[in-house]
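Numbering-wise, the numbering used here comes out as the position in the sequence shown, counting from 1, plus 127.
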Amino acid sequence: MNKVIVIAEAGVNHNGSIEMAKSLIDVASEAGVDFIKFQSFKASKLVSPNAQKADYQKNNMGDNDDNQFKMLRDLELSEEDHIELLDYCNRKNVAFFSTAFDVDGLSYLDSLGLSIFKVPSGEIINYPYLRKLAEIGKPVILSTGMSDLIDIEKALEVLEQGIDRSMITILHCNTEYPTPMKDVNLKAMSTIESYFNTSVGYSDHTMGIEIPIAAVAMGARVIEKHFTLDRTLPGPDHKASLEPKELIDMVRAIRNIEEALSGSGKKEPSLSEQKNISIARKSIHTKNDLKKGSKLKEQDLIPLRPGDGISPMEWEKVVGKELLVDYKAFQKVQYSDLK
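Below you can see the structure in the form of structure tokens.
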């Protein structure tokens, strides 16, 4: 089983601060994730100046300002910031990753040497954006919040103009922050996998860590999860993000499940449990003192540990046999002592 890719989504939880962004990298590195992902955008190329915030953004910001443009403008990372964060990630041994939201952003990330690209849910219907990814020709992770199978199929048709389907991973996702448990619909991930015959994963916006862990148990090859330094910080995504210890716990649980799923699938005693077979199982013993020549009756026998003698599954073969020697109570029966 290949390693599950864990993406720690820092997103805009740096609040526009390069130092906070570095602290997020520290946390991601300590947690042992594969990628830390930021967002690369210019507000002027992402939203109109009059665009309003989503309800969750209004609730999480609590600043009585409904303007999404102003909010995003304050959360931009400059090109200098990108270079600095990329260098810091290299030093911290965690891979730098980012999501672009327009064609120019994709070109810029490609110039930084990114090996993989992420399509955020909102861009799954952005034809020029998808076409640019096909031109770049590198592996793509496609997030599918707010989408149905037709949306996904149309996006794949564009991406496959330059990318083989084997290079595409589709993430099941729900674009509500936080996602109500009743809306997770985790079975849809399996539907995507069977319908499109692609690698699948899960981008999670629920509270807590149990749903991404369950997704790994169901076959997710990529997990993406928002995290923050502190859920009480001001900002649109902090409240639906993991705090540092939770991120560590999630990664540890994913690695444990990953290892638990790595077996051959053949049902047989494992190496670690073989030593316990004779200890935990039973073998046939005598219940009473018995003399040589006695014919063993059912009431003379009892299954007892250890299980290194005749298996109780051979009970009917032993009942009625004649003892060739005297037996003490609770003595393990041996075929060599039977006639």
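The C-beta atom is built at its ideal place from N, Cα and C for all residues, glycine as well. None of the values given here were measured: they were computed from a predicted structure.
The residue among A155, L450, S144 with its C-alpha nearest the C-alpha of S205 is S144.
The three-state secondary structure of V154, taken from DSSP, is helix.
With contacts defined as CB atoms closer than 8 Å, I134 and E351 qualify as a contacting pair.
Looking at the DSSP output, F196 sits in no beta bridge, so it has no partner there. By the neighbour-count definition (other C-beta atoms within 10 Å, threshold 16), N383 is an exposed residue. The Cβ atoms of H332 and P305 lie closer than 8 Å to each other. When only Cα atoms are considered, S270 and S399 end up about 40 Å apart.
Per DSSP, Q461 is not a residue of any beta strand (DSSP E), being assigned neither H nor E. Spanning the alpha carbons of G272 and D310 requires a straight line of approximately 11 Å. The beta carbon of E320 sits closer than 6 Å to those of V327, all from its chain and outside the five residues before and after it, given in chain order. In the three-state reduction of the DSSP assignment, S438 falls in the coil class, being assigned neither a helical nor a strand state.
Remark: C-beta atoms of D427 and K414 approach each other more closely than 8 Å. Take the alpha-carbon of L233 and the one of M345: they are about 32 Å apart. Residue burial is scored here from C-beta neighbours: I404 has fewer than 16 other C-beta atoms within 10 angstroms and is therefore classed as exposed. In its chain, beyond the 5 residues on either side, N140, M147, S150, L151, V154, E370, P371 have a beta carbon closer than 8 Å to the beta carbon of L356. With contacts defined as CB atoms closer than 8 Å, G159 and V343 fail to qualify as a contacting pair. The closest CA to that of L423, considering only P307, I411, N129, is found on I411.
Assigned with DSSP and collapsed to three states, E425 falls in helix. Distance between A315 and K409, taken at the CA atoms: about 46 Å.
The residue from P176, F224, N194 with its alpha-carbon nearest to that of Q184 is N194. Taking 8 Å as the upper bound for CB-CB distance, L212 and L239 are not in contact here, some 10 Å apart. Cα atoms of A456 and R348: separation of roughly 58 Å, rounded to the nearest angstrom. Positions of the alpha helix (DSSP H) runs, each at least 4 residues long and wholly inside the stretch 309 to 355, are given as 314 to 323, 337 to 344 in order along the chain.
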